[in-house]
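>
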Amino acid sequence: MFLITCPYCGTRDQSEFSNAGEAHVARPANGEELTDEQWADFVFLRNNPKGLFAERWVHTAGCRRFFNMLRNTATDEILAVYEIGAKPPKVTTVEPATPSGEAPIGSGNDAVKVMRPEEPK
Amino acid sequence: MTAQPNRRASGGLIDRSKVVRFRFDGRDFSGHPGDTLASALLANDEHMVARGFKYHRPRGIFGAGSEDPTALVQIGSDAARTDPNTRVTEQEIYDGLEALAQNVWPSLKFDVGAVNDLFSAFLPAGFYYKTFMGPLGNWMAFEPFIRKAAGLGKAPGAPDPDRYESINRHCDVLVAGGGPAGLMAALTAAKAGARVILAEETAALGGRLLSVDPDKVNLGDMAPTAWVESIAAELAGMDNVTVLTRTAAFGYYAQNFVGLWERVSDHLAPNDQPANLPRQRVWRVRAREVVLATGAVERPLVFHENDRPGIMLAGAARTFTHRYGVLPGKRVLVFANNDSAWEAAFDLQSSGARVAGIVDLRRDIDGGLLSTAAEHGISIHPGAAIVGTSGAQRVSGATVRRMSDSGGVEGPVTAIECDLLAVSGGWMPNIALFSQSRGKLVYDEDLSAFRPGQSWQKERSAGSAAATFDLDGCLKEGARAGADAASKAGIPAKAERPPKVEGAERPQGTPRVIPEIPSGRPRHKVRAWIDLQDDVTTKDLKLAVNEGYDSIEHAKRYTTSGMGTDQGKVANMNAFALVADALKKPIWQVGTTTYRQPWKPVTFAAMAGQHVGDHFHPRRVTPMHDWHKSNGAVFEPVGDWLRARAYQRPGESFEAAVRRESLAARESVAALDASTLGKIDIRGKDARTFLNRVYTNAWSKLAPGKARYGLMLGEDGMVMDDGVTACLADDHFHMTTTTGGAARVLTHLEDYIQTEWTDLEVYMTTVTEEWAVASLSGPDSWRVVAELCDGIDPDPEKFEFMSHTTATIDGVPVRVFRISFTGALAYEINIAADYGAWLWDKVMEAGQPYGIQPYGTEAMHLLRAEKGFVIVGQETDGTVTPADLRMDWIVSKAKGDFIGKRSLSRSDTVRTDRKQLVGLLTEDPTLMLEEGAHVIATATEPAEKPVPMLGHVTSSYDSPTIGRSIAMAMVESGGARMGERLWVSRKGGTPIPVKVTETDFLKMREDGDV
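Protein sequences, first through last, are from chains B and E. Mind the numbering: the first sequence is residues 1 to 121 in my numbering, read in order. Mind the numbering: the second sequence is residues 122 to 1131 in my numbering, read in order.
(1) Express the C-alpha separation of A465/E and F441/E in angstroms, rounding to a whole number.
(2) Quick one: give me the first and last residue of the beta strand (DSSP E) that N68/B is part of.
(3) If we ignore side chains and look at the alpha-carbon of each, how far apart do K706/E and K663/E end up?
(4) Report the residue ranges of all alpha helix (DSSP H) runs contained in full by the stretch 684-750 of chain E; include only those spanning at least 4 residues, in chain order.
(5) Is N397/E helix, strand or coil when you go by DSSP?
(6) I want to verify the contact list: residues of chain E whose CB lies under 7 Å from the CB of P117/B, in sequence order.
(7) So what does DSSP say about A86/B, is it helix, strand or coil?
(8) Just to confirm my understanding: we take V700/E, look at its own chain, exclude 5 residues before and 5 after, and list those with CB closer than 7 Å. What are they?
(9) Please classify A727/E: is it buried, with 16 or more other beta-carbons within 10 angstroms of its beta-carbon, or exposed?
(10) Please list the partners that L34/B has in chain E, where partner means a Cβ-to-Cβ separation under 8 Å.
(11) Looking only at C-alpha atoms, which of E188/E, K230/E, H443/E sits nearest to F145/E?
(12) Please list, in chain order, all residues of the same chain as F371/E whose beta carbon is under 8 Å from its beta carbon, the five residues on each side excluded.
(13) Let's see if you can read the secondary structure: which residues bound the alpha helix (DSSP H) around C595/E?
(14) May I have the straight-line CA-CA distance separating T323/E from D565/E, to the nearest angstrom?
(15) Output yes or no for whether 8 Å exceeds the beta carbon distance between G504/E and T510/E.
(16) What number of angstroms, rounded off, separates the C-alpha of N109/B from the C-alpha of F555/E?
(17) Determine the closest residue to G630/E out of P573/E, S545/E, G944/E, V406/E, with distance taken between C-alpha atoms.
(18) Taking the continuous beta strand (DSSP E) assigned at W903/E, which residues delimit it?
(19) Within the continuous alpha helix (DSSP H) that includes A369/E, where are the two ends?
(20) R931/E: which of E918/E, A907/E, E921/E sits nearest, CA to CA?
(21) Quick check: the Cα distance between N695/E and A242/E, rounded to an integer number of angstroms?
(22) Are the CB atoms of Y716/E and R804/E nearer to each other than 8 Å?
(23) So for D1121/E, helix, strand or coil by DSSP?
(24) How about W720/E: is its C-beta nearer than 8 Å to some C-beta of chain B?
(25) For A610/E and V411/E, what's the separation of their Cα atoms in angstroms?
(26) Thinking just about the alpha-carbon of each residue, which of A159/E, G314/E, V1105/E is nearest to the one in A1058/E?
(27) Does the separation of the CB atoms of A171/E and V194/E fall below 8 Å?
(28) Bridge partners for D149/E per DSSP, in chain order?
(29) Answer yes if the stretch 409-423 of chain E comes into contact with the stretch 293-307 of chain E, meaning at least three C-beta pairs across the two stretches below 8 Å, and no otherwise.
(30) Opposite A850/E in the DSSP bridges: which residues?
(31) So is F378/E in contact with chain B if we call contact Cβ pairs under 8 Å?
(32) Under 8 Å by Cβ, that's how I've got L365/E and L319/E pegged, so tell me the actual separation to the nearest angstrom.
(33) As a quick exercise: from I479/E, G473/E, A235/E, pick the residue whose alpha carbon is nearest that of W463/E.
(34) Exposed or buried, N48/B, counting other C-beta atoms within 10 Å across all chains shown (16 or more means buried)?
(35) Alpha carbon to alpha carbon, how far is M122/E from D216/E?
(36) Please determine, among A297/E, P628/E, L960/E, the residue with the shortest C-alpha to C-alpha distance to V406/E.
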């Protein structure tokens, strides 16, 4: 259960929020001019990366406002929240590094549960 | 009633002045307050308490707390309250407690299932999978036998009558574990002023301080228990501290969210449980910082025949001796690979047992230990192994041989009699919560176990959880951890000075771990248990590796090692070591299985907390609800709402009620409570533009006082909602949505306003609950409205269809809409919700001369189907476009862009063979089609499966107005099939012939087509 900081209300439990999918996907104003493939790309296809991801959340049980979040989907680290229309802030996070695409720590997956002897403790 | 022969004369957290009587396996026993079921049974010399999962071999008490794998019983025989798989080491006794042996028949001591043990060779690792993969008949033949034979306790058969609750709490520092490290951490953080929660799994604070000999160890010149009490008293005196005993931290989740499970009154007799307290609680704690002082778990030794009752972890034997005042054996053999077990031996000897010997896998033993053993007169067997044990329902002896240089055993076999075999394979930091928190483990070669490596969340481990095993070190590290946690939580803290420790024993040293201790027996005759709960032996795990399961996660699942209710708390490390050994890989490379929440089984009831029965989900009811209830309404849930489905008169069938109601709505007048429809108030100078973009039809010319039906699409072009929207003013609209779709639609609209069309000035407010709505249908409805309302002439000639106006009833303002979902003349009266019940009474009173009747949602569904109106979610399923509904007329070609517009010209949505909505009339008018039934093209189902399907029936009713059955269906190219003969398949009968028609059955009847 995440602790999410709504830019308008402050920090609240995840149960008050709903995820609203990938952020920064603008609705094409010229839909009629797009090919089926281009339009389908907007309607149906979203990125789902392992690692840093900009996504939208809505404070459903609060102010009902949408906002953006930067989250590391491999580690569930919430790195930033920012208003709709704003540019994503610069953040640093642990990137997927292991052969399986796991972040080197924090993912809880097999690849990173146990330290290798050479890793700094 | 026995006299507790193994009870020590003094010592322990036991109140000997009171006697507690309980029953186990049909026999009466006594114990004392402070006893667990385990300690009380051991006091009565009862070691065997269960049978194995698979082979039904006798099982005893192996641990002393939550780590115990096998001593599981069923508590209580009451069908509602019986509690399966309860560890006797955790269940405290109370007067009248009844415990039953599990998975045995006819009795614990004589169990027919024990025959499985003879067939153990036929129950190898992966038995289930192999049987699945074999001939089908095998599984069919084995399955009933296995289902009966394998298993644990029985689930309760009746609803749980007890009360449970969950509590949300925030704190600065959460300390998991109330042993020496945890106490110092909590004290330090608390004294600095931090809000502290201290959670201790057992009934008392103190941890392993309760398991040491109080005559030998002192903390600040106090006996261990006295010191613990002094700290407990200090903590209890501080307002910023919550100390929870009988409370296990069971789950470490994201962002320091930790679940605690408190067993509030499980230790009390049902009659003594305070009525104001729940039985159990789940604390949902959000901690700024966490201290993990979860202690260590002792590791079993893996040797031939290591599963008999009376074989017990050495540390557990000490806990029973000192904490519970019970000597678990009179003649004790100790089998060890580390120093701590020697201390246990000395301890048991001083406490009155006779130690028959110490067998140690190590050849070089510390001189100090050797001389102490000599002082106690204990015979020692260094560099030796136990190669077998004896005893049917209790261990009676063991055989010992010298270890050879080549890793086997050699020399003569020494037989030693014993009634308790205390084993110790060293101590493993309890890293479950740490690993759940996604920290990384490190394999410690000296320890031969994992310990916390790199933290990920805001936590630190302290004490033996962090592989600090000496008492002084635990206290210091706890204090430091408490100071660090408080400081990082923003409350500067200095580590409290720990008490001076005197007489503390030596830590375990470096254990000598042998994955499978040699017995000198042929390989296939070795039965050395790794997992006592799941009956997994070394043979099973080695077989799994041989068969290619070289991932530890796969080997676990193939053998079930580390599964079950204990999740391998004591077994896992031995399994990892054995698999690593078989694979010839270092253990860190083999890794661990995943430590998942919960640390131990938490009841579903505690998880559900208050959210059961009526509190499971909020139920919304309309202002008229009470009237419905007292007038025979049968309710159905619609979204979160309870709606009246029909109003049954005494002796009337449901079907008859629906017919009566629907006829009233057609022929005289009937009233529907339509308050649940979603209502959104839309304002702003761009409101009209917005409506143009969210509905498929045009809204530019809708004048104030008028209303219009609209279809709302998703961006994929599929119908997502529909409803009537009224224009109140140029910049003010009243939108209605489906009952279930209200919240979804509002979020959908807000999404576009907030994130896409931020240039539009539009404000939306949900007003669903502000208005109560009575919908009147039937030719007399206008007369009722005329009698009720002032300031309006509802004459249908004058008050146009799809218009609305304001009026008053006895001076109370109302909005009246002339809109219809039944196809009959209809009016909707909207009133402030507070007046809803009053309005309903008024409507019933005014309608009485016309025979007004209430009608429910079932009649409403029937009425709209007669008119061919769709219900979003019944005719549609998220894959249906307006054209599929043959409602092209509602899609504006002239206006600009709207949500979903582009998708309506996608290659897929313009296909001509898409399913389309049509009416279906059965050739036999008395036959009713089944909703969901498949529409097919042939009179008989072709032999080849699957049968090609043209579509499915979406709605089907017996219509009294049309005088026959009617149905709607989504059928491939339906619009082009008018008049065609098709068939609808049915279960257990030949397909039903039907005719494809339009959907407006009322019009068809007027035209004489039906």
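Where is the CB? At the ideal position from N, CA and C, for every residue including glycine.
Answer, in terms of the structure:
(1) 12 Å
(2) 66-72
(3) 14 Å
(4) 693-704, 708-711, 725-729, 746-750
(5) coil
(6) W709
(7) coil
(8) L662, V666, I673, A676, V711
(9) buried
(10) R1023
(11) K230/E
(12) Within the same chain, F371/E has close Cβ partners G380, L381, W382, Q718, P719, W720, K721, V723.
(13) Element bounds for C595/E: 592-609.
(14) 28 Å
(15) no
(16) 14 Å
(17) S545/E
(18) Annotation: W903/E is outside any beta strand (DSSP E); the continuous alpha helix (DSSP H) that includes it extends over 902-909.
(19) A369/E -> not in any alpha helix (DSSP H); beta strand (DSSP E) instead, spanning 368-374.
(20) Note that residue 931/E is Asp in the sequence shown, not Arg. Measuring from the Cα of D931/E, the nearest candidate turns out to be A907/E.
(21) Approximately 22 Å between the Cα atoms of the pair.
(22) Contact flag unset, no.
(23) Shown here, D1121/E sits in coil according to DSSP, grouped into three states, outside any helix or strand.
(24) no
(25) 10 Å
(26) V1105/E
(27) yes
(28) R144/E
(29) yes
(30) H853/E
(31) Interface residue, yes.
(32) 7 Å
(33) Looking at I479/E, G473/E, A235/E, the one whose alpha-carbon comes closest to that of W463/E is I479/E.
(34) It is exposed - the Cβ of N48/B has fewer than 16 other Cβ atoms within 10 Å.
(35) With a pLDDT of only 47 at M122/E, under 50, the local geometry of the prediction cannot be trusted, and the value read off the model is given with reservation. Between M122/E and D216/E, the C-alpha separation is close to 14 Å.
(36) A297/E
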